[in-house]
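Let me begin by presenting the structure, written as structure tokens, before commenting on it.
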Ligand code: AMP
């Protein structure tokens, strides 16, 4: 037994009783699951072994999974209209069912949202809707959520936990998890709707899984479900400190939430100490539900307050804050790849000597892949596709590049992808999405048995474009990373950034907004601006810049706190902090965010990189 780790998992009985198993699962798991049911325990090697067996037969499992999806949902009007006539093989599926975007499925989803209980997209009616964060597209998407999606999420969690715990074993303690649930509401048709994370947190089996994977939150539900994000954050920190010896790891869905939490800590730590010393909750917590639950937990602990005070006072610029506060924490956990990479530097600063472990790859539309190589640093993290949670296809990007060309090549199967090649992910799942373009670009880095290991590259449709130039989120991130090196001599760093294309003046030009931590002098910022302009190496950009078809790049420095205002703006629109990603490109229609940025500009520079 690996690291002697056995965990209580009575909920397995519930899960496996209540969900229908795929043929693959029947074949490989049933006996083991029955044994586990009687033992009431989860054995880590079992989870790993199951994953190993399944990924050895990834191609076959994919075919079985598609069959299962189409059998369950054969009655769906969407599939009936396409003339699938009960066929469940990949060839018929691909011949009848088109590759679609969210917009194509919009009218079907709208009918569900309005309360149509006929089998629109799925055999069984959809009763819950997930709202995607909307921070990448500007407005939230409504996507179907059901028990199968919940179960595949728990499967991903168990899988990555098993691998993680083999490399970084933790004992039964607590997790300081910065989880925030947004409000759930009813659609006009009476369906429950909330962000995908909210739909998870509100599921009664979620807690059972968290217990089984030793990830129980330090904070009571009232904090997670609190009505005010700022108050919940303060109380998450307070709860973490109150059980600081027990905390085994620190996590959040996305890494920026962890950074945000400890940046807040820098401002409120003395107040937190006072609360702990006196056993009286700060006046800043006004939400009755949070006040009542935390007041019950809070007891005067002057010794603990002294220890925290001493630790904080002894730190140099908050380096190593997390392990200092939580001496038994083994790692930091969350999504740290893609649009989260810009926060890594700050996160590493707080994490000190603790490893950063990347969380899995998924979306509100469904999960895709698990991190089964937890020792890899975020910069080289990969995700192994789980072949039994959906049917996955991949559009090769070799010919068209990242951007939606008029003629996209045909998608290929999971077993046909090649190492080193880049693809857009297409998902078919148990919740009514068929050949759905996720919009993410990934690169195949290798195979785990016969399932691909993906590196997340970027959203495919986020691009800076004036004329023939095309720059993706990744290009922007690389340019910012390069230009930020010029700040090395200054006591400053790029705390957050975004971009915009200004077409109102002369030839259009790129505008990059930076919020700095610390100060930098004029000469350095001018140098950063030139460097940004030079760092967009796309041939279309460089040639257009040379002949003046694109104007000089503009770097605008915004006041500290501007990106918090943007976060607050999205929260006001109903976004959940747990799923928030800073939008890296602000389109002209996103007037409110553009206004926040423009109102907060304190300096601006034009590049002279191209003369
Ligand atoms: P949402 O729209 O809120 O459901 O967010 C889903 C999107 O977040 C995905 O389509 C990806 O673009 C991004 N995402 C999810 N997991 C990861 C990951 N592990 N690494 C990078 N980006 C991710």
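In mature numbering (1 follows the signal peptide of the UniProt record, and there is no 0), the protein residues as written are -21 to -1, 1 to 590. A virtual CB, placed ideally from N, CA and C, is assigned to each residue, including glycine.
Could you give the residue range of the beta strand (DSSP E) that holds residue i?
{"i": "residue 340", "result": "340 to 342"}
{"i": "residue 445", "result": "Residue 445 -> no beta strand (DSSP E), and no H or E assigned at all."}
{"i": "residue 584", "result": "580 to 585"}
{"i": "residue 226", "result": "226 to 233"}
{"i": "residue 372", "result": "370 to 375"}
Classify residue i as helix, strand or coil using the three-state DSSP reduction.
{"i": "residue 61", "result": "coil"}
{"i": "residue 123", "result": "strand"}
{"i": "residue 509", "result": "helix"}
{"i": "residue 591", "result": "Outside the displayed span of the chain (-21 to 590) sits residue 591, for which this structure offers no information."}
{"i": "residue 264", "result": "coil"}
{"i": "residue 349", "result": "strand"}
{"i": "residue 460", "result": "helix"}
{"i": "residue 196", "result": "strand"}
{"i": "residue 136", "result": "helix"}
{"i": "residue 180", "result": "helix"}
{"i": "residue 468", "result": "helix"}
{"i": "residue 407", "result": "strand"}
{"i": "residue 15", "result": "Confidence at residue 15 is low in this model, with a pLDDT of 41, below 50, so the placement of that residue is unreliable and no value is reported for it."}
{"i": "residue 223", "result": "coil"}
{"i": "residue 437", "result": "strand"}
{"i": "residue 282", "result": "helix"}
{"i": "residue 450", "result": "strand"}
{"i": "residue 396", "result": "coil"}
{"i": "residue 559", "result": "coil"}
{"i": "residue 146", "result": "helix"}
{"i": "residue 575", "result": "helix"}
{"i": "residue 254", "result": "helix"}
{"i": "residue 241", "result": "helix"}
{"i": "residue 259", "result": "coil"}
{"i": "residue 79", "result": "strand"}
{"i": "residue 565", "result": "coil"}
{"i": "residue 413", "result": "coil"}
{"i": "residue 529", "result": "coil"}
{"i": "residue 275", "result": "helix"}
{"i": "residue 105", "result": "coil"}
{"i": "residue 165", "result": "strand"}
{"i": "residue 297", "result": "coil"}
{"i": "residue 570", "result": "helix"}
{"i": "residue 185", "result": "helix"}
In terms of DSSP beta bridges, what is residue i paired with?
{"i": "residue 431", "result": "426"}
{"i": "residue 93", "result": "DSSP output for residue 93 lists no bridge partner at all."}
{"i": "residue 110", "result": "121 and 174"}
{"i": "residue 535", "result": "492 and 583"}
{"i": "residue 363", "result": "349 and 432"}
{"i": "residue 313", "result": "337"}
{"i": "residue 420", "result": "403 and 437"}
{"i": "residue 476", "result": "493"}
{"i": "residue 207", "result": "The partner list for residue 207 (beta bridge, DSSP) is empty, contrary to what the question assumes."}
{"i": "residue 391", "result": "373"}
{"i": "residue 481", "result": "488"}
Which first and last residues belong to the alpha helix (DSSP H) in which residue i is found?
{"i": "residue 332", "result": "Premise fails: residue 332 is in no alpha helix (DSSP H) and is neither H nor E."}
{"i": "residue 544", "result": "541 to 551"}
{"i": "residue 155", "result": "Here residue 155 belongs to no alpha helix (DSSP H); instead the beta strand (DSSP E) covers 153 to 156."}
{"i": "residue 31", "result": "23 to 35"}
{"i": "residue 525", "result": "518 to 525"}
{"i": "residue 301", "result": "300 to 304"}
{"i": "residue 70", "result": "69 to 75"}
Would a check of beta-carbon distances place residue i closer than 8 Å to chain C?
{"i": "residue 392", "result": "Within the model displayed, chain C is absent; a lone protein chain is all it includes."}
- [ ] Check each residue's C-beta against every heavy atom of the ligand NAD and list, in chain order, those closer than 5 Å.
- [x] Among the ligands present in this structure, namely the ligand AMP, the ligand NAD is not found.
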